[in-house]
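> Following this message is one structure expressed as structure tokens.
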Amino acid sequence: MKTKKAQIQLGFNWIYILIAGAVILLFFVGIVAKQKTSSEEKLSYDIVGVMDSIFTGASVAEKTKNFIDTSGLVDVEFYFSCKEGLGEFGISGQSAAIQNAIDPLFSPSTIQTAEVITWSLPYHLPFKVVDFLFVTSKNTKYYLIDDGGPFAFEFLNATDGINVESVNGIGDFKPGNNREVRIIDLRNIISAGTSVPDSLKGLGDKVSVAQLTSDGSVIYYKKDSDNRWRQQRSAPIISVDGERDAAKYAALFAADSEQYLCNMEKAMKRLTYVSEVYSGKVEDILAYYQENVVSVPDEIDRTVMANCLAKLEGSATSSPYYIDRAFNTYKQNVEFCGLALSEGEPSQCSNLEEEAKKLFDLNNKESGLQGCPVRFY
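Under our numbering, the residues of the sequence shown are numbered 8 to 384, in order.
Structure follows, in structure tokens:
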């Protein structure tokens, strides 16, 4: 019988075999692309198919970065979009494209590079929902306007291997040969209508800003034709704060608010199904106490069980827990948030964040339910 460790190892081996195989295939596709021996349309479908296999493997390789050699495809521009809960990527100017309504993917709007970089992070709200996939390139430059806070330190460490540089202000940008620049403004020094630094004016529309605000939102800016910052739509970061907050990283890697919110809509669809699984675990916890409160022979143990059950069902005086009621409220807010995102009203998801934090506290052993094990994730 295989051990759990062996099964996990087998799973990871499968993932890396998939990615490695796709990369090898991509190498030969690149050779064909250079030789022009296939029809352009067929070749474009082959390329998109191989890239889809790579993204599929990378998305389930949790907390892993992959560096994919695309030197044979440096003349190919890939585009990424997401509208109404449906993501799409393909080759610019070609009909070859793949759509995906399930897996959240955050990236620049276009990539043309000799090396594609993928990075996967798990999204928790508060339990794991899905792995977010970030796609970027070695010629996409990320400038972090450092505020000296803990997140800046975390971000610089977490993005090792990605083209990230910490700067003190807007006068420190030197894009060099990079195709695109994303500024991550942690100090809120960029504002609408102000001038774009001279060093970035030659990049056309390949310059953008993601600005984190103190209220837990991200504001996006693009360079307009007059070389001034034009504010785009802001978006709330839908998460329970924590280390490697996938939703926060997603907001920084997303091309704009439309792509970010569209992929968060995908995450809410996934959460609808995942929450049903955990709802079953909550029912199991309640059933455990309900059964043992009458079947445990020791009177002291029965009293403990009765006290725990009273807390969890909300019948205890001033009990803040109500595990069944809390989870039902949480599920209602998951559905409400998903609907709000589909209707373009992401601010309506704030209640979901509050309910997720309640479940996090309830699941945490320090929540005050000492002696009453309630961990359901």
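Every residue gets a Cβ at the ideal spot worked out from N, C-alpha and C, and that includes glycine.
(1) Sort 251, 264, 260, 342 by Cα distance to residue 283 and report the nearest one.
(2) Identify which residue in 121, 204, 195 has its Cα closest to the Cα of residue 222.
(3) Are three or more beta carbon pairs between the region 137-153 and the region 119-129 nearer than 8 angstroms?
(4) Specify, as a first and last residue, the run of the alpha helix (DSSP H) that residue 277 falls within.
(5) Please name the residue or residues paired with residue 73 in a DSSP beta bridge.
(6) Quick one: measure Cβ to Cβ for residue 263 and residue 227, integer angstroms, because I've assumed they're closer than 8 angstroms.
(7) Using beta-carbon positions only, say whether residue 185 and residue 148 come within less than 9 angstroms of one another.
(8) Does the beta-carbon distance from residue 273 to residue 111 come in below 9 angstroms?
(9) Determine the DSSP secondary structure at residue 240, reduced to helix, strand or coil.
(10) For residue 300, collect the residues of the same chain with a Cβ closer than 7 angstroms to its Cβ; drop the 5 residues on either side in sequence, then sort them by chain order.
(11) Is it a yes or a no for the region 115-124 touching the region 73-86, going by three-plus beta-carbon pairs under 8 angstroms?
(12) Tell me, please, which residues DSSP counts as bridged to residue 107.
(13) Terminal residues of the continuous beta strand (DSSP E) containing residue 68?
(14) When the Cβ atoms of the region 286-304 are set against those of the region 233-251, are three or more pairs found closer than 8 angstroms?
(15) How far does the beta strand (DSSP E) with residue 189 in it reach, from first residue to last?
(16) Would you give the residue range spanned by the beta strand (DSSP E) that residue 132 belongs to?
(17) Are the CB atoms of residue 207 and residue 188 within a distance shorter than 9 angstroms?
(18) Residue range of the beta strand (DSSP E) that residue 226 falls in?
(19) If you run the structure through DSSP and keep just helix, strand and coil, what is residue 139?
(20) For residue 116, which residues from the same chain have a beta carbon less than 8 angstroms from its beta carbon, with the 5 sequence-adjacent residues on both sides left out?
(21) What number of angstroms, rounded off, separates the C-alpha of residue 364 from the C-alpha of residue 346?
(22) Using a Cβ-Cβ cut-off of 6 angstroms (strictly less than) and excluding sequence neighbours within five positions of residue 106, which residues of its own chain qualify?
(23) Counting only the same chain and skipping the five closest in sequence on each side, list residues whose C-beta sits under 8 angstroms from that of residue 165.
(24) Just the Cα atoms here: how many angstroms apart are residue 219 and residue 113?
(25) Could you give the residue range of the alpha helix (DSSP H) that holds residue 341?
(26) With 16 as the cutoff for other CB atoms within 10 Å, does residue 70 come out buried or exposed?
(27) So, is residue 49 buried or exposed, given that buried needs 16 or more other C-beta atoms within 10 angstroms?
(28) Comparing C-alpha positions only, which one of 234, 239, 319, 145 sits nearest to residue 183?
(29) Which residue comes first and which comes last in the alpha helix (DSSP H) that contains residue 256?
(30) DSSP on residue 101, reduced to helix/strand/coil?
In short, the structure shows the following:
(1) 342
(2) Measuring from the Cα of residue 222, the nearest candidate turns out to be 195.
(3) yes
(4) 264-302
(5) Residue pairing by DSSP places residue 73 opposite 125 in a beta bridge.
(6) 5 angstroms
(7) yes
(8) yes
(9) Assignment of residue 240 by DSSP, reduced to helix, strand and coil, places it in the strand class.
(10) 309, 312, 313, 316
(11) These segments touch.
(12) For residue 107, the beta-bridge partners assigned by DSSP are 94.
(13) Run containing residue 68: none; DSSP gives neither H nor E here.
(14) no
(15) 187-192
(16) Residue 132 -> no beta strand (DSSP E), and no H or E assigned at all.
(17) With contacts defined as CB atoms closer than 9 angstroms, residue 188 and residue 207 qualify as a contacting pair.
(18) In the DSSP annotation of this structure, the continuous segment of the beta strand (DSSP E) that includes residue 226 starts and ends at 224-230.
(19) DSSP places residue 139 in strand when its eight states are reduced to three.
(20) 86, 87, 88, 262, 263, 266
(21) 21 angstroms
(22) 93, 95
(23) Only residues of its own chain outside the window of five on either side were considered, and among them 251, 256 have a CB closer than 8 angstroms to the CB of residue 165, listed in chain order.
(24) 17 angstroms
(25) 330-349
(26) exposed
(27) exposed
(28) 145
(29) 253-260
(30) coil
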